[in-house]
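A.B. asks: Be aware that the sequence shown starts at 5, since it is given in the numbering used here, and climbs by one per residue. Quick reminder that beta carbons are idealized off the backbone N, C-alpha and C, glycines included. What you are looking at is a predicted structure, and each value in this text was computed from that prediction instead of being measured. This structure is in structure tokens; I'll ask about it shortly.
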Amino acid sequence: INKKKVLTEEEIDDDHKKTFEIKKDTPQFGDVRTSQEEAIRKCVNTDVKFEANALKYYPDADDMTLDGKIPSLNLTFQFRYNDPATGCYLWTEALVLNDENARTIGKIRDSYMNWRNSITSDSDLMEKLKKAAENNE
Numbered sequence: 005i006n007k008k009k010v011l012t013e014e015e016i017d018d019d020h021k022k023t024f025e026i027k028k029d030t031p032q033f034g035d036v037r038t039s040q041e042e043a044i045r046k047c048v049n050t051d052v053k054f055e056a057n058a059l060k061y062y063p064d065a066d067d068m069t070l071d072g073k074i075p076s077l078n079l080t081f082q083f084r085y086n087d088p089a090t091g092c093y094l095w096t097e098a099l100v101l102n103d104e105n106a107r108t109i110g111k112i113r114d115s116y117m118n119w120r121n122s123i124t125s126d127s128d129l130m131e132k133l134k135k136a137a138e139n140n141e
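See below:
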């Protein structure tokens with residue numbers, strides 16, 4: 005079975021070593037980052053936080069990840085665009101699985117699907133990112 009691991013600093017395969025970080029002030033892509041964050045916050049409807057380096061493009065793998073946190077749930081998530089599985093990963097510690105938190109987890113999954121679909125529907129985004137990453141070397 006070919007299983008890919010979630011992208012973490014400790015274990016990154018060769019295709020995911022080279023990164024192009026997309027920050028709010030990244031020319032040509034800052035608005036993409038901002039709109040993605042706003043859409044996730046609106047869908048999840050809670051206190052979602054994103055670090056400055058939360059959105060990364062991996063030119064060798066033609067992949068993108070988005071990392072976020074929900075402090076009130078002690079939860080971290082990662083959305084992975086080019087993933088053979090679902091591409092939505094969660095980490096949490098001591099989360100009470102009540103109805104409200106279960107709904108929030110469902111909303112995270114919904115926001116992942118919206119995020120992935122928005123990238124797919126913007127047919128030239130990945131190509132533009134690849135060119136920008138090459139020019140940034």
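Can you name, in chain order, every residue of its own chain whose Cβ lies under 7 Å from the Cβ of ASP114, other than the five neighbours on each side?
C.D. replies: If we look at ASP114 and ignore the five residues flanking it on each side, its Cβ neighbours are CYS47.
A.B. asks: If you draw a straight line from the alpha carbon of SER76 to that of GLN82, how long is it in whole angstroms?
C.D. replies: Going by the C-alpha atoms only, they are around 17 Å apart.
A.B. asks: Checking the sheet assignment: what are the DSSP bridge partners for PHE54?
C.D. replies: DSSP output for PHE54 lists no bridge partner at all.
A.B. asks: In the DSSP assignment, what residue or residues form a beta bridge with PHE83?
C.D. replies: Bridge partners of PHE83: LEU70 and CYS92.
A.B. asks: Between LEU59 and the rest of its own chain, which residues show a CB-CB distance below 6 Å, the 5 nearest in sequence each way excluded?
C.D. replies: Taken in chain order, the residues that qualify are ILE26, ARG37 and LEU70.
A.B. asks: Quick check on DSSP: helix, strand or coil for LEU59?
C.D. replies: In the structure shown, LEU59 sits in a strand (DSSP, three-state: E or B).
A.B. asks: Given that a residue counts as buried once 16 or more other Cβ atoms are within 10 Å of its Cβ, and exposed if not, what is LEU3?
C.D. replies: Residue 3 lies beyond the stretch modelled for the chain, which goes from 5 to 141, so this question has no answer here.
A.B. asks: Just verifying my parser: in three-state terms, what is the DSSP assignment at GLU41?
C.D. replies: If DSSP states are grouped into helix, strand and coil, GLU41 belongs with the helices.
A.B. asks: Helix, strand or coil, according to DSSP, for GLU25 in the structure here?
C.D. replies: Here GLU25 sits in strand by DSSP.
A.B. asks: Could you pull out every residue in the same chain whose Cβ sits closer than 7 Å to the Cβ of ASN118, ignoring the five residues on either side in sequence?
C.D. replies: Contacts found: ALA43 and CYS47.
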